[in-house]
Amino acid sequence: MRRLGLLFVGLLLPAFLLGLWQVASARAWLPPQILPAPGEVWASFKDMWASGDLQGHIAISLLRVIEGFAVGAVLGLALGVAMGLSPVVDDYTRPLFTAVAQIPSLGWIPFLMMIFGIGETLKIVVIAKAAFVPMTLNTAAGIRGIPRGYAEVADALRFTRWQRLRLLVLPGAIAPIFTGIRYGLTHAWLALVAVELLASSEGLGYLLVYGRQMFWLDTVIMAMIVIGLIGFVLDKGLERLEIRMQRWRVVA
Amino acid sequence: MLAGWNWRGAVIPLGLALAWETASRTGALDPRFMPPLETVAATAWRELRHGDLVTDLTISLARDFAGFLGGTLLGILLGTLLGVSRWAEHLVMPSFNGLRQIAILAWIPLISLWFGFGDEAKIAFILMSAFTPVVLNTFEGVRSASAQLVEVGHVLRFTRLQFITRLYLPQAMPSVLTGVHLALIYAWVAAIGAEYFMTVGPGIGGLIIAGRERFEMDLVLLGMILLGLVGFLINRLARSLETWVLRWSPERSAR
């Protein structure tokens, strides 16, 4: 009951704003090029959905994120494990890694555009870089954070290298690694929007640019909402998975 | 100092620089893609002396700061309000969280339609980027104020304003500063992003985009290096500011 009440209160503001928006556009307080009616946005959504265009853009964007994220996450996991296990690897790679990470993905895009052109490779590389950095940092920190006692037990049990990795390192660092995956995916999604805004002829980011060029604000707002919804679902989905995967953990 | 010097860390960057230099000199790599490093240095010197590098940098930073300041102040206001009043929280937080899901760059087309391509639009965008982390962290900080101290406040018959200025905000300070720190970083990235998409007027982002369009790799590289360097300095500055502001706090040593 209380939850329902809170939900209701939370919906008051959006409802009020939506009402204001509706009234403002119905009375033409603002020209439709500046603020189209909410109905227009909905209509543009229905149109693009019915024609399948929207699903096409969504599919392309999602595919890019998945590909780029997969590349970045695997590389990040590998480097993170290596850095976490071996101080020597850490010494060698850390300064260069920090320098690469210091320049935000947005700063890399023009440089990478000149090297890779504006094709699919560019998108994958940019997204992979965005996912790679948090993945590496969190994995390395997670492995460093495994209590020394566990490593001593592993020594006493004469674990092989492989057993050590599988039975000690990965389970011990799973929580921070998962944090890395979540941040990695969030960053990958943001990078996708950035790269599609700058250099793309399809996908959700492109839809924004296209709508902007045509002065179709209904399309722009619709694309923004879709981007928000997908970002939300990705984040919440991983959060759920994170909780589920960590059920076995005993909270100290 | 020198004993702690991590010489291993220099191996890969130096190796890469050497490979780059040989490749672009022998022509193994097209120097248009990978100009020799001294060309980049020469470009930096030229731009610094005769070009608009300093103007570009100053203007980017000025916008960055304006947006950051506005976003931070508004963020502390809203965050405090949300933290102090449950009603405000239930009313506003769901909408705020909903809007926050939209990737920040996705706002740029809308902002450019509303505010044009000038400074207003850029500052508005930077302000938005700085706003979000400050709201969230201020809210968290105020909300986690100790209940015992709140009781003390009641005993002392604090007014509402006194509650906020003497009790909630000082207690929330570490958390607020975390938000401000994030805001500084986000605002700088947003300042560059805004210039990418609203390519009117000077700025470091504009310099990078212009370099790409004219296919001048040395300019792009220079811009990137500056971007990273400024980001690094801002981060350093934020950290020392944090330590300095929190020097009274007992949590300081733990942070």
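Going down the list, the protein sequences come from chains A and B.
Residue numbering for the first sequence follows the numbering used here, beginning at 1 and increasing consecutively.
Residue numbering for the second sequence follows the numbering used here, beginning at 1001 and increasing consecutively.
The beta-carbon is built from N, C-alpha and C at its ideal position, and this holds for glycine as well.
The structure presented is a predicted model; accordingly, all values stated were derived computationally and were not measured.
With respect to the alpha helix (DSSP H) encompassing Phe-116 (chain A), which residues constitute its N-terminal and C-terminal limits? Residue mapping note: residue 116 (chain A) aligns to position 116 of the first sequence, counting from 1. Here the alpha helix (DSSP H) through Phe-116 (chain A) covers 105-116.
Is Arg-1157 (chain B) helix, strand or coil when you go by DSSP? To locate residue 1157 (chain B), count along the second sequence from 1; it is residue 157. It is coil, neither helix nor strand.
Exposed or buried, which one is Ile-34 (chain A) when buried takes at least 16 other CB atoms within 10 Å? Residue numbering aside, residue 34 (chain A) sits at position 34 when the first sequence is read from its first letter. Flag for Ile-34 (chain A) reads exposed.
Give, in chain order, every unbroken run of the beta strand (DSSP E) that is at least 3 residues long and sits entirely within the stretch 1001-1036 of chain B. none
Spatial neighbours of Ala-252 (chain A) within its chain, please: C-beta separation below 6 Å, excluding the five flanking residues on both sides. The residue you call residue 252 (chain A) lines up with position 252 of the first sequence. No answer about Ala-252 (chain A) holds up, because its pLDDT of 43 lies below 50 and its placement is not dependable.
Does the beta-carbon distance from Ala-173 (chain A) to Ile-221 (chain A) come in below 8 Å? Reading the first sequence from its first residue, position 173 is the one you call residue 173 (chain A). Reading the first sequence from its first residue, position 221 is the one you call residue 221 (chain A). Against a cut-off of 8 Å, the Cβ pair of Ile-221 (chain A) and Ala-173 (chain A) comes out as no contact.
Answer with yes or no whether the minimum CB distance from Leu-1156 (chain B) to chain A is below 8 Å. To locate residue 1156 (chain B), count along the second sequence from 1; it is residue 156. Answer no: the Cβ-Cβ gap between Leu-1156 (chain B) and chain A never drops below 8 Å.
Using only the heavy atoms of the ligand SAM, determine whether one of them is closer than 7 Å to the beta carbon of Ala-1019 (chain B). The ligand SAM is not part of the structure shown, which contains no ligands of any sort.
Look up Trp-1087 (chain B) in the DSSP assignment and say whether it is helix, strand or coil. As a working mapping, residue 1087 (chain B) is identified with position 87 in the second sequence. In the structure shown, Trp-1087 (chain B) sits in a helix (DSSP, three-state: H, G or I).
Would you please verify whether the beta carbon of Ile-60 (chain A) is less than 8 Å from any beta carbon of chain B? Stepping through the first sequence from its first residue, residue 60 (chain A) is reached at position 60. Taking Cβ atoms only, chain B never reaches closer than 8 Å to Ile-60 (chain A), which makes this a no.
Contact check, Leu-197 (chain A) vs Val-65 (chain A) under 8 Å by CB: the rounded distance? Within the first sequence, the letter at position 197 stands for residue 197 (chain A). Within the first sequence, the letter at position 65 stands for residue 65 (chain A). 14 Å between Cβ atoms; not a contact.
Keeping to the same chain, check which residues put their C-beta closer than 7 Å to that of Thr-1072 (chain B); ignore five residues upstream and five downstream. For the purposes of this step, residue 1072 (chain B) is identified with residue 72 of the second sequence, where counting begins at 1. Hits under 7 Å: Ala-1130, Val-1134, Val-1180, Ala-1183.
Using C-beta distances below 6 Å, list every residue in its chain close to Gly-1206 (chain B), excluding the 5 sequence neighbours before and after it, in chain order. Walking along the second sequence from the start, residue 1206 (chain B) turns up at place 206. Glu-1195, Thr-1199, listed in sequence order.
Partner residues on chain A for Pro-1094 (chain B), Cβ-Cβ distance less than 7 Å: Numbered from its first residue, the second sequence carries residue 1094 (chain B) at position 94. Result: Gly-10.
Same chain, Cβ closer than 6 Å to Asn-138 (chain A), five either side skipped, listed in chain order: On the first sequence, residue 138 (chain A) is found 138 positions in, with the first residue counted as 1. So the list reads Pro-176, Thr-179, Gly-180, once near-sequence residues are dropped.
Looking only at its chain, what residues have a beta carbon closer than 7 Å to the beta carbon of Ala-223 (chain A), apart from the 5 residues adjacent to it on each side? Counting from 1 along the first sequence, the entry for residue 223 (chain A) is found at position 223. Correct list, in chain order: Leu-204, Leu-207, Leu-208, Gly-211.
For a contact meaning CB atoms closer than 8 Å, what does Met-1128 (chain B) contact in chain A? The sequence position of residue 1128 (chain B) within the second sequence is 128, counting from 1. The premise fails here: Met-1128 (chain B) is roughly 13 Å from chain A at the closest Cβ pair, so nothing lies under 8 Å.
Kindly list the residues whose CB is nearer than 7 Å to the CB of Pro-1035 (chain B), restricted to its own chain and excluding five residues on each side of it in sequence; keep chain order. Residue 1035 (chain B) sits at position 35 when you count from the first residue of the second sequence. Excluding residues within five positions, the ones whose Cβ falls inside 7 Å are Ser-1024, Met-1217, Asp-1218.
Please identify the residue among A:Val-41, A:Gly-19, A:Pro-134 whose C-alpha is closest to the C-alpha of Val-100 (chain A). Position 100 of the first sequence, counted from the start, is the residue given in the question as residue 100 (chain A). Residue A:Pro-134 is the option with its Cα nearest to Val-100 (chain A).
What do you reckon, are the CB atoms on Thr-1080 (chain B) and Leu-1161 (chain B) nearer than 8 Å? Position 80 of the second sequence, counted from the start, is the residue given in the question as residue 1080 (chain B). Position 161 of the second sequence, counted from the start, is the residue given in the question as residue 1161 (chain B). No, they are not a contact pair.
Could you check if Arg-1255 (chain B) is buried or exposed, using at least 16 other CB atoms within 10 Å of its CB as the buried criterion? Here residue 1255 (chain B) is taken as the residue at index 255 of the second sequence, counted from 1. Because the pLDDT at Arg-1255 (chain B) is just 40, under 50, the model does not fix this residue reliably, and the value given afterwards should be weighed accordingly. Burial call: exposed.
Can you list the alpha helix (DSSP H) stretches of 4 or more residues lying completely in the stretch 176-237 of chain A, in chain order? 204-214
Counting only beta-carbon atoms, is Trp-1114 (chain B) nearer than 8 Å to chain A? As a working note, residue 1114 (chain B) is residue 114 in the second sequence. Chain A, which has a Cβ nearer than 8 Å to the Cβ of Trp-1114 (chain B), makes this yes.
Taking C-beta to C-beta, are Arg-164 (chain A) and Ala-154 (chain A) nearer than 8 Å? Position 164 of the first sequence, counted from the first residue, corresponds to residue 164 (chain A). Position 154 of the first sequence, counted from the first residue, corresponds to residue 154 (chain A). Yes, they are a contact pair.
Provide the residue span of the alpha helix (DSSP H) that contains Met-135 (chain A), from first to last. The sequence position of residue 135 (chain A) within the first sequence is 135, counting from 1. Start and end: 120-144.
Can you give the Cα-Cα distance for Met-1001 (chain B) and Arg-1247 (chain B), rounded to whole angstroms? Start at 1 with the first residue of the second sequence, and residue 1001 (chain B) comes out as number 1. Start at 1 with the first residue of the second sequence, and residue 1247 (chain B) comes out as number 247. Low per-residue confidence applies at Met-1001 (chain B): pLDDT is 44, beneath 50, and the placement is therefore not dependable enough to give any value.
Looking at chain A, is there any beta carbon in it that lies within less than 8 Å of the beta carbon of Pro-1031 (chain B)? The sequence position of residue 1031 (chain B) within the second sequence is 31, counting from 1. No, Pro-1031 (chain B) does not count as interfacial toward chain A.
What residue from A:His-57, A:Leu-7, A:Ala-24 has the CA that sits closest to Val-226 (chain A)'s CA? Your numbering for residue 226 (chain A) matches position 226 in the first sequence. If we check each option's Cα against that of Val-226 (chain A), A:His-57 comes out closest.
Judging by CA-CA distance, which residue of B:Leu-1156, B:Gln-1171, B:Phe-1197 is the nearest neighbour of Phe-1139 (chain B)? The sequence position of residue 1139 (chain B) within the second sequence is 139, counting from 1. Here the closest residue by C-alpha is B:Gln-1171.
Roughly how many angstroms lie between the CA atoms of Ala-1262 (chain B) and Leu-1074 (chain B), to the nearest whole one? No information on residue 1262 (chain B) is available, as it lies outside the stretch 1001 to 1255 that chain B covers here.
Which residues, in chain order, does the stretch 1003-1018 of chain B contribute to contact with chain A at a C-beta distance below 9 Å? Asn-1006, Trp-1007, Arg-1008, Gly-1009, Ala-1010, Val-1011, Ile-1012, Pro-1013, Leu-1016
C-alpha gap between Leu-1113 (chain B) and Gly-1153 (chain B), whole angstroms: Taking the second sequence and counting its residues from 1, the one referred to as residue 1113 (chain B) is at position 113. Taking the second sequence and counting its residues from 1, the one referred to as residue 1153 (chain B) is at position 153. Those two C-alpha atoms are separated by around 48 Å.
Listed from N- to C-terminal order along the chain, which residues in the stretch 1181-1208 of chain B have their beta-carbon within a distance smaller than 7 Å of any beta-carbon of chain A? Val-1189, Ile-1192, Gly-1193, Tyr-1196, Phe-1197, Ile-1208
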